[in-house]
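Written below as structure tokens is the structure these notes are about.
Residue numbers (the working numbering): 11 to 440.
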């Protein structure tokens, strides 16, 4: 701490790797290098200091005097900042003027903007591979036993089926056009799903269309009603992976057929099991099935049916302790403040050509009326899914933890509740 010279003044500065958030009487300083944090609740001095740091004109540098900091709350906070390597003091007589600091702001390369869009020459230089990495194709939609039992599932996670009044199937000529357009992008995953995937001949035609793609090609298949004969050839098709969805009531015969197929495969890493659960009983049963069958590649997909909010509160919501364990680095924070990592770079295409960045949001366009590049530009410029971040959602915008939390999920959009926690009381539903 500086000596007791009443005439001394200092520049108090924050390091550029430190993030500051404030709201509802709370202040958070977070060091992205050593992952240490300082949390102040109801501290007026900390709140005022955070406001000064966050003022762009100050640029993370504020002037303080020895009188203001010796033996005061401000001095204690400065001591905390110095101990955690978040900031320090610099005597003003060491510089001719206010030091220049670097604020922690993201820089986005090749960002699609209105100015770029208005200039065709600039638009041609955009690397579109940076804007798309996953496509989900519904080969068909319509009523089925599984779809009717889980009508909201496709709005929550990649469920094999989407309800509609009548059965619609993807036109193969359009699918071929889509395959040709997608072939120029460096995709990571193509998902194939649908309400009725029991036509082996058509599925083999789909697999053949995308044979040359080097990305992961994944078929999403319900266990209920699974017939080994419908998949005997497809299951051995090279370079495909399979995601099986287990729902309750449990179809043990379909499950056993799949387990037998997997056990006979030389590449068991191509198969994964997704347990769709909506209460604690189904969760416990799933754990027993996993242990009994010795499954190694599995996950749980909580299903919100409009009545099981308490199950989500108990098993899905995060706590303050969970948030404290989150240790994002500078790059991860910049990503969360710029775009939604859960939706960015993803499109879902339905039979008939409707394209969505998130099925809970309005459609982006229609393929092939709109090319994939057109769809990328439209979503990047005027869409809402890719750019939905927590600082723009209520009540997350008032929470100091918004950059520590995971991105907004489809569950939250569907439920119209943009915080899966109880840190803030939510006035929305439920």
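Ideal placement from N, C-alpha and C gives every residue a C-beta, glycine not left out. Here the structure is a predicted model, which is why all the values come from computation and not from measurement.
- If you look at residue 296, you'll find it in the alpha helix (DSSP H) that goes 290-303.
- Bridge pairing for residue 232: 255 [DSSP].
- A check of alpha carbon separations from residue 300 across 414, 282, 68 and 314 identifies 282 as the nearest.
- The shortest C-alpha to C-alpha distance from residue 249 to any of 199, 105, 391 and 234 is the one to 199.
- In this structure, the beta-carbon distance from residue 431 to residue 327 falls below 9 angstroms.
- For residue 146, the three-state secondary structure derived from DSSP is strand.
- A straight line joining the alpha-carbon of residue 194 with that of residue 313 spans about 36 angstroms.
- Distance from the Cα of residue 413 is smallest, within the candidate group 209, 231, 349 and 98, for 349.
- Secondary-structure assignment with DSSP links residue 200 through a beta bridge to 145 and 227.
- Each of 20, 425 and 85 was checked against the Cα of residue 106, and the nearest Cα belongs to 20.
- With 16 or more other CB atoms across the displayed protein chains lying within 10 angstroms of its CB, residue 296 is buried.
- Excluding five sequence positions before and after residue 389, the CB atoms of its chain that fall closer than 6 angstroms to its own CB belong to 367, 374 and 396, given in chain order.
- Spatial neighbours of residue 362 in its own chain (CB-CB distance under 7 angstroms, excluding positions within 5 residues in sequence) are listed in chain order as 178.
- Sequence-distant partners of residue 40 (beyond 5 residues in either direction) whose C-beta falls short of 6 angstroms from its own C-beta, in its chain, are 29 and 47.
- Taking 3 residues as the minimum length, the beta strand (DSSP E) runs contained wholly in the region 64-88 are 71-75, in order along the chain.
- By the C-beta density criterion, residue 170 is buried, having at least 16 other C-beta atoms within 10 angstroms.
- In this structure the region 200-209 touches the region 221-235; the number of beta carbon pairs closer than 8 angstroms is three or more.
- Residue 49 is bridged by DSSP to 38.
- The region 52-65 and the region 132-151 do not touch, with fewer than three beta-carbon pairs separated by less than 8 angstroms.
- Secondary structure at residue 335: helix, using DSSP grouped into helix, strand and coil.
- Straight through space, the alpha carbons of residue 408 and residue 424 are spaced by roughly 21 angstroms.
- In the three-state DSSP reduction, residue 29 falls in the strand class (E or B).
- Per the DSSP secondary-structure output, residue 22 pairs in a beta bridge with 72 and 99.
- 9 angstroms or more divides the Cβ of residue 344 from the Cβ of residue 145.
- For residue 270, the uninterrupted alpha helix (DSSP H) segment begins and ends at 262-274.
- Look at the beta carbons and you see the region 92-109 not touching the region 157-174: under three pairs across the two are nearer than 8 angstroms.
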